[in-house]
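Residue numbers (the working numbering): 2 to 422.
Ideal Cβ positions, reconstructed from N, Cα and C, are used throughout, including at glycine.
Small disclaimer: the values here were computed from a predicted structure and weren't measured.
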């Protein structure tokens, strides 16, 4: 009798363990082509539009070295509720290369508590010091090992949606961001051909990583992060094992020929992994939440009109991630800690397609510290900087509510009602 009781207890424990583990098994994420030449994303056989926001909730007074996943204040418990209420269903993490146990718990909590999926990215050494060298075998070996360690640790999480390899690493080909080379590259005479050789080396490396990821994780798509569409013609020849193109793009209110151009040169489904508009007017020298809301709404309409949900099935966009959730006060002078407690209004770069303040001195009109759709206050609430949603937050909230009821946005009007703060 005692033996039978022990056996039943053992079976009960094993069944409980298996049930618990199974409840967190990764969901089936699929990309299916349509008969019209488009692509659709499915999560457990249900159509899924990626409505994401870049998530780097750096507190006031903190900087590049802020450790989100070990922050005892757990800001995502406040943010997750607001993100869900706005209608977003995903967040994009830019890095998960440390504290993997905590990252795993973070992804699980965002999914369990708020139903929010996570796109996990890796910089592929973009901001390394010394700079990454994609022609260096030792660098490639260490980087690949690091990424596969991340994949192995997180691949079974139900809240994981996709892997994104790189961001704007293609800008290193010209030396605009970072510099790397090799004897083989230096033997090439023309600067343009040197850049194309760098592109071939880099994209081949990304493809190698993608193939290795798929050997250990067969459930999640792998995306290539790329600034705009530059050098994707090279990628199309050597990076065939990636599933998605994750495009970073800042073109103002519309994305122009991006979707048709990519379909022509590298026919893969697209996510816009970073796009947006800051809320500071560098010409009038004042905050301009109306302009930010107007631009973000226009961008999202353009994105949606290039999905299969809005077209006759020919759309090649799976969704996107706006940049970004909350303002980051440290970004203008990244290495000067005293400035991290000041919301700097000095622009860092120029982009005339954001025409509302393009007449700023020298054309410099883009303010890195003001891209959030949520402002931060120095006042603390629940142990973190108080969140104050901007007009863009409510604009997108209303828009997401409308597109969930409609298959087209061509005649969609969005009314914005901002509750008193």
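| Query | Result |
| --- | --- |
| Burial state of residue 301 (16 or more Cβ within 10 Å) | buried |
| Assumed close pair residue 52, residue 90 - CB separation to whole angstroms, cut-off 8 Å | 5 Å |
| Simplified DSSP state of residue 356, which is helix, strand or coil | helix |
| Collapsed DSSP secondary structure at residue 282 in the structure displayed | strand |
| Distance, residue 308 Cα to residue 230 Cα | 18 Å |
| Range covered by the beta strand (DSSP E) that runs through residue 379 | 375 to 382 |
| Those residues which DSSP pairs with residue 154 across a bridge | None, per the DSSP bridge assignment. |
| Proximity to residue 174 [Cα-Cα], best of 135, 162, 165 and 209 | 135 |
| DSSP-derived helix/strand/coil call for residue 416 | Only weak support is given to the placement of residue 416: the predicted model assigns it a pLDDT of 45, under 50, and the value that follows is read from those uncertain coordinates. DSSP places residue 416 in coil when its eight states are reduced to three. |
| Span of the beta strand (DSSP E) around residue 193 | Careful: residue 193 lies outside any beta strand (DSSP E), inside the alpha helix (DSSP H) at 192 to 217. |
| Distance, residue 50 Cα to residue 406 Cα | 13 Å |
| Under 9 Å between C-beta atoms of residue 283 and residue 254 | no |
| Three-state secondary structure (DSSP) of residue 294 | helix |
| Segment limits, alpha helix (DSSP H) that includes residue 401 | 392 to 404 |
| Closest residue to residue 319 among 310, 76 and 182 (Cα-Cα distance) | 310 |
| Three-way DSSP call (helix, strand, coil) for residue 40 in this model | strand |
| Beta-carbon proximity check, residue 250 vs residue 276, cutoff 9 Å | yes |
| Buried versus exposed call for residue 93 [16 or more other C-beta atoms within 10 Å across all chains shown] | buried |
| Same chain, Cβ closer than 7 Å to residue 380, neighbours up to 5 away in sequence not counted | 387 |
| Other residues of its chain near residue 370: CB distance less than 7 Å, five sequence neighbours each side excluded | 328, 329, 330, 332, 333, 344 and 345 |
| Assigned exposure category for residue 285 - 16 Cβ within 10 Å defines buried | exposed |
| Residues that DSSP places opposite residue 34 in a beta bridge | 40 |
| Exposure label - residue 195; buried when at least 16 CB within 10 Å | buried |
| Inter-residue spacing [alpha-carbon to alpha-carbon] between residue 68 and residue 166 | 21 Å |
| Contact check, residue 168 vs residue 118, beta carbons under 9 Å | no |
| DSSP state of residue 5 mapped onto helix, strand, coil | With a pLDDT of 42 at residue 5, under the threshold of 50, the predicted position of this residue should be treated as unreliable, though the coordinate-derived value follows. Three-state DSSP puts residue 5 in a helix. |
| Beta bridge counterpart(s) of residue 163 as assigned by DSSP | 120 |
| Member of 44, 278, 367 and 66 whose CA lies at the smallest distance from the CA of residue 392 | 278 |
| Extent of the continuous beta strand (DSSP E) run through residue 53 | 51 to 55 |
| Proximity to residue 37 [Cα-Cα], best of 272, 264, 274 and 296 | 264 |
| Distance between residue 372 and residue 404 (C-alpha atoms, nearest Å) | 24 Å |
| Per-residue burial, residue 102 [other beta carbons within 10 Å of its own, 16 or more giving buried] | exposed |
| Three-state class that DSSP yields for residue 236 in the structure shown | helix |
| Segment contact flag, the stretch 103 to 110 with the stretch 125 to 134, C-beta cutoff 8 Å, min 3 pairs | no |
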